[in-house]
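So the structure is just underneath, and the comments pick up after that.
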Amino acid sequence: MKKIDINIKTKPINYNIFFTEEILEQLNPKINGHKVLVITDHNVNQLYTKEFVKSLNSDQNNLYKFVVKPGEKSKSLKKLEDIFDLLLDKGFNRDDYIISLGGGVIGDLAGLAASTFKRGLNLIQIPTTLLSQVDSSIGGKTAVNYKNIKNVIGTFYNPNLVLININYLDTLSKREFLNGFSEIIKTAFIGEKHLYQLLTKNSYNSIIKKRKLLEKIIEKAILFKKQVVKEDLYDQNQRKILNFGHTIGHVLESNNRLNYKHGEAVTLGMKYASLFSVYKNLLNRKECDKIIKKIDKFGLPTKINKNIPFKKIISVINQDKKSENNDIKMVLLDGLFNPIVKKVSLSELKVVWSDFIEEDSSD
Ligand SMILES: NC(=O)c1ccc[n+]([C@@H]2O[C@H](COP(=O)([O-])OP(=O)(O)OC[C@H]3O[C@@H](n4cnc5c(N)ncnc54)[C@H](O)[C@@H]3O)[C@@H](O)[C@H]2O)c1
């Protein structure tokens, strides 16, 4: 038997995240002389993209815009195909740019298009929701949904640049803001102690009023994610801790009847994972209550709005890429700030599911 060793020394992944109100100053020198496709959704288009495209210092003949309907349905193979058609038609090459201007839906779709077309175009992420600023624009995960399964087709592909302007958040509804805030709260629970203190000291109202404080909170969440992703880009080990609350969160989010946004579903998932951690004697009840209280303080849901039979949960978990035979891997807390990934059985999940539903209907 012959053996050929392939040992590729990959380049370190290097990109900057800028906090700036002067996005164009960072952007224009990069895109000059290249074709540019800006991907956005209708809401962001009305609010920002029209003006943004006009002010790009790029040859307007080489500048294109692709606008999708807002919402999760646009993360589809059909939209990806439409983007490929446009890129082909306009003759995009690997040194050209895709700019994502929008929330996580746009970032995931644009990222997947950039990573796959001609095996990779340049990608610039300009996240406009809190969720995309603290979470989805960083870490290189791209995806579309397929056959009603969330994020089942995707790649790992890092942007060349992420530009964060917190002024974009001014036009978000409170519900959308809190949707992103849920990932910030998660970051505090899984180990960012200073962030936890900031969330203890400050209310929702003071955070949205104080720009510097909001920026500090966003920066802390980003730095925490950056550190975790740096150790495990491909989500094999340590990165899984970022999924705290996401196992049950994904199940609730994919149930259209419940109408939960990602962050809302994740907070319920965090409550469930905390109750599970208590059940496993990892977390004490006092710490679990602190978690629930903190979620509640910021107005995120801690009570499920409909009773869902456990078999519905199982059917989604079985489709989920995280399930293995009759066990799934779930992030639990071995004490506050100390996330661990544990295999848990579906029968254990069922026991805690009953507690979860009961707690919700108890007052
Ligand atoms: N890639 C990752 O690592 C990662 C991580 C977390 C979540 N996600 C994905 O992110 C998506 C959710 O992202 P999202 O919450 O940003 O949703 P979204 O992109 O659908 O945006 C939410 C809503 O806010 C609107 N909007 C965007 N910016 C606005 C602004 N500045 N002012 C007013 N309205 C604005 C949008 O039009 C939309 O209606 C999900 O698909 C989720 O799977 C990806």
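Using numbering that gives the first Met the number 0, the first residue of the sequence shown is number 0, and each one after it goes up by one.
Yeah, the Cβ is synthetic: ideal placement off N, Cα and C, and Gly gets one too.
As the structure is a computational prediction, the values presented were derived from the model and not from experiment.
Counted as a single uninterrupted DSSP element, the alpha helix (DSSP H) harbouring V277 occupies residues 261-278. If the five residues before and after N56 are omitted, its C-beta is found closer than 6 Å to the C-beta atoms of N27, all from its own chain and listed in chain order.
L122 places its beta carbon 8 Å or farther from that of Y167. By the criterion of at least three beta-carbon pairs nearer than 8 Å, the segment 246-253 is in contact with the segment 268-280.
For F65 against L85, the beta-carbon gap comes to about 6 Å, under 8 Å, which counts as contact. Exclusion of D231 from the 7 Å shell around ligand 1 follows from its C-beta lying no nearer than that to any non-hydrogen atom of the ligand. In this structure, the alpha-carbon of Q235 lies about 30 Å from that of R284. R210 is classed as exposed because its beta carbon has fewer than 16 other beta carbons within 10 Å across all chains shown.
For S131, the shortest C-beta to heavy atom distance toward ligand 1 is below 7 Å. Only buried fits E182, as 16 or more other CB atoms lie within 10 angstroms of its CB.
Shortest gap from the CB of T170 to any heavy atom of ligand 1: under 7 Å. Remark: the C-beta of P69 is in contact range of ligand 1, defined as less than 7 Å to any heavy atom.
Between V340 and I327, the C-beta gap is not smaller than 8 Å, which leaves the two residues out of contact. The beta carbon of I189 lies closer than 6 Å to those of I240, F243, P338 in the same chain, with the five residues before and after it left out. The DSSP-derived three-state label of D81 is helix. Measuring C-alpha to C-alpha distances from Q45 to each of T154, T127, F83, N201 identifies T127 as the nearest. In the three-state reduction of the DSSP assignment, I356 falls in the helix class.
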